[in-house]
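Residue numbers (the UniProt record's numbering), protein chains in the order written: chain A, 1 to 495; chain B, 1 to 495.
Below is one structure, written out as structure tokens; comments come after it.
2 protein chains.
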Amino acid sequence: MFASAEIGHRIDRATYKAEVPALRAALLEAQYALLKSADRAIVILINGVDGAGRSETVNTLNAWMDPRHIRTEAFDAMTDEDRRRPELWRFWQVLPPKGHIGILFGSWYTDPILARVEGRDSRDHFAHRLERIRQFERMLTAEGVVLVKFWFHLSYRAAKARLKALSSDPRTAWRIGPREKAHLKRYDDFIEASDEALRKTSLGEAPWIVIEGSDEAYRNLTAGRHLLSVLRHSKASVPPPSPVPASALHTGLADDLTVLRALDYSRQLSRERYDRLLERWQGRLNLLSRDPRMRQRALVVVFEGMDAAGKGSTIRRLTGAWDARYYRVVPVAAPNENERAQPYLWRFWRYIPPHGRAVIFDRSWYGRVLVERVEGFCTESDWMRAYGEINAYEEELAEAGVIIVKFWLAITPEEQLRRFRERETTPHKQFKITPEDWRNREKWPAYERAVQDMVDRTSTRVAPWHIVASDDKLWSRIEVLRTLCRRIEQVLRRG
Amino acid sequence: MFASAEIGHRIDRATYKAEVPALRAALLEAQYALLKSADRAIVILINGVDGAGRSETVNTLNAWMDPRHIRTEAFDAMTDEDRRRPELWRFWQVLPPKGHIGILFGSWYTDPILARVEGRDSRDHFAHRLERIRQFERMLTAEGVVLVKFWFHLSYRAAKARLKALSSDPRTAWRIGPREKAHLKRYDDFIEASDEALRKTSLGEAPWIVIEGSDEAYRNLTAGRHLLSVLRHSKASVPPPSPVPASALHTGLADDLTVLRALDYSRQLSRERYDRLLERWQGRLNLLSRDPRMRQRALVVVFEGMDAAGKGSTIRRLTGAWDARYYRVVPVAAPNENERAQPYLWRFWRYIPPHGRAVIFDRSWYGRVLVERVEGFCTESDWMRAYGEINAYEEELAEAGVIIVKFWLAITPEEQLRRFRERETTPHKQFKITPEDWRNREKWPAYERAVQDMVDRTSTRVAPWHIVASDDKLWSRIEVLRTLCRRIEQVLRRG
Numbered sequence: 001m002f003a004s005a006e007i008g009h010r011i012d013r014a015t016y017k018a019e020v021p022a023l024r025a026a027l028l029e030a031q032y033a034l035l036k037s038a039d040r041a042i043v044i045l046i047n048g049v050d051g052a053g054r055s056e057t058v059n060t061l062n063a064w065m066d067p068r069h070i071r072t073e074a075f076d077a078m079t080d081e082d083r084r085r086p087e088l089w090r091f092w093q094v095l096p097p098k099g100h101i102g103i104l105f106g107s108w109y110t111d112p113i114l115a116r117v118e119g120r121d122s123r124d125h126f127a128h129r130l131e132r133i134r135q136f137e138r139m140l141t142a143e144g145v146v147l148v149k150f151w152f153h154l155s156y157r158a159a160k161a162r163l164k165a166l167s168s169d170p171r172t173a174w175r176i177g178p179r180e181k182a183h184l185k186r187y188d189d190f191i192e193a194s195d196e197a198l199r200k201t202s203l204g205e206a207p208w209i210v211i212e213g214s215d216e217a218y219r220n221l222t223a224g225r226h227l228l229s230v231l232r233h234s235k236a237s238v239p240p241p242s243p244v245p246a247s248a249l250h251t252g253l254a255d256d257l258t259v260l261r262a263l264d265y266s267r268q269l270s271r272e273r274y275d276r277l278l279e280r281w282q283g284r285l286n287l288l289s290r291d292p293r294m295r296q297r298a299l300v301v302v303f304e305g306m307d308a309a310g311k312g313s314t315i316r317r318l319t320g321a322w323d324a325r326y327y328r329v330v331p332v333a334a335p336n337e338n339e340r341a342q343p344y345l346w347r348f349w350r351y352i353p354p355h356g357r358a359v360i361f362d363r364s365w366y367g368r369v370l371v372e373r374v375e376g377f378c379t380e381s382d383w384m385r386a387y388g389e390i391n392a393y394e395e396e397l398a399e400a401g402v403i404i405v406k407f408w409l410a411i412t413p414e415e416q417l418r419r420f421r422e423r424e425t426t427p428h429k430q431f432k433i434t435p436e437d438w439r440n441r442e443k444w445p446a447y448e449r450a451v452q453d454m455v456d457r458t459s460t461r462v463a464p465w466h467i468v469a470s471d472d473k474l475w476s477r478i479e480v481l482r483t484l485c486r487r488i489e490q491v492l493r494r495g
Numbered sequence: 001m002f003a004s005a006e007i008g009h010r011i012d013r014a015t016y017k018a019e020v021p022a023l024r025a026a027l028l029e030a031q032y033a034l035l036k037s038a039d040r041a042i043v044i045l046i047n048g049v050d051g052a053g054r055s056e057t058v059n060t061l062n063a064w065m066d067p068r069h070i071r072t073e074a075f076d077a078m079t080d081e082d083r084r085r086p087e088l089w090r091f092w093q094v095l096p097p098k099g100h101i102g103i104l105f106g107s108w109y110t111d112p113i114l115a116r117v118e119g120r121d122s123r124d125h126f127a128h129r130l131e132r133i134r135q136f137e138r139m140l141t142a143e144g145v146v147l148v149k150f151w152f153h154l155s156y157r158a159a160k161a162r163l164k165a166l167s168s169d170p171r172t173a174w175r176i177g178p179r180e181k182a183h184l185k186r187y188d189d190f191i192e193a194s195d196e197a198l199r200k201t202s203l204g205e206a207p208w209i210v211i212e213g214s215d216e217a218y219r220n221l222t223a224g225r226h227l228l229s230v231l232r233h234s235k236a237s238v239p240p241p242s243p244v245p246a247s248a249l250h251t252g253l254a255d256d257l258t259v260l261r262a263l264d265y266s267r268q269l270s271r272e273r274y275d276r277l278l279e280r281w282q283g284r285l286n287l288l289s290r291d292p293r294m295r296q297r298a299l300v301v302v303f304e305g306m307d308a309a310g311k312g313s314t315i316r317r318l319t320g321a322w323d324a325r326y327y328r329v330v331p332v333a334a335p336n337e338n339e340r341a342q343p344y345l346w347r348f349w350r351y352i353p354p355h356g357r358a359v360i361f362d363r364s365w366y367g368r369v370l371v372e373r374v375e376g377f378c379t380e381s382d383w384m385r386a387y388g389e390i391n392a393y394e395e396e397l398a399e400a401g402v403i404i405v406k407f408w409l410a411i412t413p414e415e416q417l418r419r420f421r422e423r424e425t426t427p428h429k430q431f432k433i434t435p436e437d438w439r440n441r442e443k444w445p446a447y448e449r450a451v452q453d454m455v456d457r458t459s460t461r462v463a464p465w466h467i468v469a470s471d472d473k474l475w476s477r478i479e480v481l482r483t484l485c486r487r488i489e490q491v492l493r494r495g
């Protein structure tokens, strides 16, 4: 991957000086055009060999454009603090919204490559991390992010000369520590791992651009020209229709729809028995929240269900068992303007708890394959690829120690009708029923289809769906508490 | 992934009998429509739990359609013989051409899942194999193959009952051996691995369809209906334009084009020195072909270069060193009709040698990013994704023990002109020069751009490009022989 970046490219000072003014003007103009169209975000990754001028290029790009609309963030190998969350979490936090530019100095490639070079990761695990990156980048691209992946390269000879030059100049000697020297010693291992990383992540939709880093003028001009070219010619990605459309996945017969219909909705609990069981399971849930093993774990509980299925009241039975500092409840409504300018998973990533904490989602990322599908808020190919994206997302959470427990509170259409009417006639419940609830109710069959697909495609060993018959609220709440406790215990046992 | 396949679906005999005739007629009609349009191939994967009726379903589908246009192949865990070639090789051999249907009973999922269950593969390596499958399926889909991935499932209880029923009936007892019994014992491990496989490979463009297998009528009807639905509604995939078009990857300046221009074309050898070196390096190459370590290795040598760069005469210097049983030379021209009905890598996969053998490609799969790109025979997004596909392909070969050595024989435009003229005036060389050669020559700058991109994006540690200045044929031949020997020795040393 580095063959043409070891040739010794140079640009003389006069050419550089003559070209820069026009390039700067063009970059600024392209940046403002991006801001105006706001149809895509640009994320620039700055990676490469020590001493190849990454830091200087970041400064130059900021100087050449309007830095108010550029967010620059630096990333290094992961710290222990970083490890309290899933690996990609810190990058999600700094994604620029559509219309803006983000510069990541160091990126999601930095830690995997260093871990491989330093022998912290096996070959296979390195490949696994690269694969996760590939999925991540594919998803970003499909969601309207254009990735500009710059790799600044130096040959071994050039890297060595550069290190020597920096350390012998008192003004720059501080930049060369034992770390830089150690890296040079492992130059070949570093290139080996980098070659694999670039090779496996050079997607058609997010290709690498390798730039020789030894000459400052060449480096700046080349990076600037490439960026200009991408700003001018890139478009927001339009995912193609799937060759196997959703209509081909169903036989159109009612016997397809069984997950919800196969439930026994007649189960009930008496108030007396409920009170007794509630105390028992809330006590157990409280103990679990204080279990020492939970300090290396985070808990994410997801509630989905038709309108009036009892999500809110069930959630209160969970939180009633916990210290207020332990948990956070996130109610999910339609995305706002800021959220619509980001990939759909962005707003959920923000709430992923660190180790030792819990978050309950009252509705969740499954909106993508439920309401957004049924209402046509996204395209068919968007929600069809979402199953895989969500599975990958949940797997990443699980690998980072997050216990994910997902509940579908299932009610019959008859019970929903009863509850709607009750809400209309009970003064303190009237705020809970709107014309939209009645409209949604008319789409019951479409939602039933969507729930079936959701369970079929995202109920996994990593994060299974628990479908709870909820026509009887008391039985349902206890079933949720019991399932939650058992699931947590099961994961803790496995270690 | 299996939640709704443990519910106990049944279809009664009367319904089944009433429905089958219409379904058969519709399937036949859809099969002939596919044959007529010939715009895509259908590959049906049959996987699942022992005893879930996979074999019966294969027979039923063949009985319901016209089996002359269906190719059915069975695959099991890999044998030692299979391991003499890359893992996916055996599947490439049976891909149906466009218009046809292939049924794979057992598939590229069978060995990875069994290897994981039997503890032959680590978690990470299993993930790595699944990732390879995902890339493979993505590529097939982009190349016009529609995948129908059936998973036939049984709950543990149903699997156990089925095993018992089969072994107690003398007509079927032969089907239950120690292997089937061992599988049942590991049912949970099998489901764990299968869940991961399905989760990670449920692509939007190639989703899994899980079917409960305990009731024959339900199983057949459901599989038949799904297949009909896919035959009717699927389309050949149209890859979308890349959000970063090729034009955005180049600054449009000549200093981009350096790989070929940076060469020293003046190097020469005298005839006398050439003869001496030729003998030495051919001898060494001969010894290497008989090295015992090469029995666990295959050799693939690729030659590319502009017209008249000397590929043919160089290849003869290689083969001159070898026993005729050891090697095969594959000259690559434009694809014929059969080859155009397959993914573009198909015709090259066919020639991949088993361990202990060598193949020399006179032109190769790089045609995709050279002539097909320059002449517009494929779309921009086709050749842009091809870099990644080729890297993945070569990595797979390398992991299977294939040593890949790639040469670009580089000549200057002036030298090409001289050779063209010589061919025109030398009677026994006139057949080697055609009007097309002159036309290609006019596209020299476009080819130079394509070569630069090819080297930048596919010269990897796994399979680096060797760019050999070839204005002097004698120097070039020796350089190729020397490079080839050294590369083989390097790989053998690493082991």
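Even for Gly, the Cβ is constructed at its ideal location relative to N, Cα and C.
In the DSSP assignment, P445(A) falls within the alpha helix (DSSP H) that extends over W444 to T458.
Look at the region 37-68 of chain A and you find these whole runs of alpha helix (DSSP H), each 4 residues long or longer: 54-64. By the rule that beta-carbons nearer than 8 Å mark a contact, V210(B) touches chain A. Around the beta carbon of D50(A), 16 or more other beta carbons lie within 10 angstroms, which makes this residue buried. Look at R328(A) here: in three-state DSSP terms it is strand. In the structure shown, G305(A) falls within a strand segment according to DSSP collapsed to helix, strand and coil.
In terms of Cβ geometry, K311(A) and L409(A) form a close pair [threshold 8 Å]. Taking a cut-off of 8 Å for Cβ pairs, the region 392-407 of chain B and the region 367-380 of chain B do not touch, as fewer than three such pairs fall below it. Chain A has no Cβ within less than 8 Å of the Cβ of S167(B).
Closer than 8 Å to the CB of P292(A) there is not a single CB belonging to chain B.
Taking a C-beta cut-off of 9 Å against chain B, the contacting residues of the region 442-468 of chain A are Q452, V455, D456, R457, T458, S459, T460, R461, V462, P464, W465 and I467, listed in chain order. With respect to M1(A), D215(A) sits apart: the two C-beta atoms are not nearer than 8 Å. The region 146-157 of chain A makes contact with the region 208-223 of chain A: 3 or more CB pairs, one atom from each, lie closer than 8 Å. When C-beta distances to chain B are compared with 9 Å, the residues of the region 192-211 of chain A below that value are E192, D195, E196, L198, R199, K200, T201, S202, L203, G204, E205, A206, P207, W208, I209 and V210, in chain order. Among the residues facing chain A, G401(B) is not included, as its CB has no counterpart in that chain under 8 Å away. F152(B): member of the beta strand (DSSP E) spanning V145 to H153, first to last residue. The beta carbon of W322(A) lies closer than 8 Å to those of L285, N286, S289 and A358 in the same chain, with the five residues before and after it left out.
Bridge pairing for R71(A): G102(A) [DSSP]. Legend: CB atoms of the region 381-409 of chain B lying less than 7 Å from CB atoms of chain A belong to residues S381, M384, R385, Y387, G388 and N391.
For E479(B), the number of other beta carbons within 10 angstroms of its own is at least 16, and it is reported as buried. Contact check for G356(B) and M294(B): beta-carbon distance about 7 Å, within the 8 Å limit, so the pair qualifies. The DSSP-derived three-state label of F361(A) is strand. Chain A places no beta carbon closer than 8 Å to that of H153(B), leaving this residue out of the contacts.
Here D362(B) is not near F431(B), since their CB atoms are 8 Å or more apart.
Around the beta carbon of G376(B), a 10 Å sphere encloses fewer than 16 other beta carbons of the protein chains shown; the residue is thus reported as exposed.
Exclusion of the five residues before and after T379(B) leaves no residue of its chain whose Cβ lies closer than 6 Å to its Cβ.
Residues of chain A whose Cβ lies closer than 8 Å to the Cβ of D124(B) are, in chain order, S122, D124, H125, A127 and H128. Contact with chain B is found for K235(A), since one of that chain's Cβ atoms lies less than 8 Å from the residue's Cβ. About 12 Å separates the Cβ atoms of G102(B) and L34(B), ruling out a contact at the 8 Å cut-off. When beta bridges are read from the DSSP output, E339(B) appears opposite no residue. In the DSSP assignment, W208(A) forms a beta bridge with K149(A).
Between R317(B) and R482(B), the gap from beta carbon to beta carbon reaches 8 Å or more.
Taking C-beta atoms as the reference points, L257(A) and R449(A) count as a pair closer than 8 Å.
In the DSSP secondary-structure assignment, L299(A) is bridged to A358(A) and I403(A). Neighbours of H69(B) in chain A, taken as residues whose beta carbon is under 9 Å from its own, are absent, since the nearest beta carbon is some 20 Å off. Using a CB distance cut-off of 8 Å, T141(B) counts as an interface residue toward chain A.
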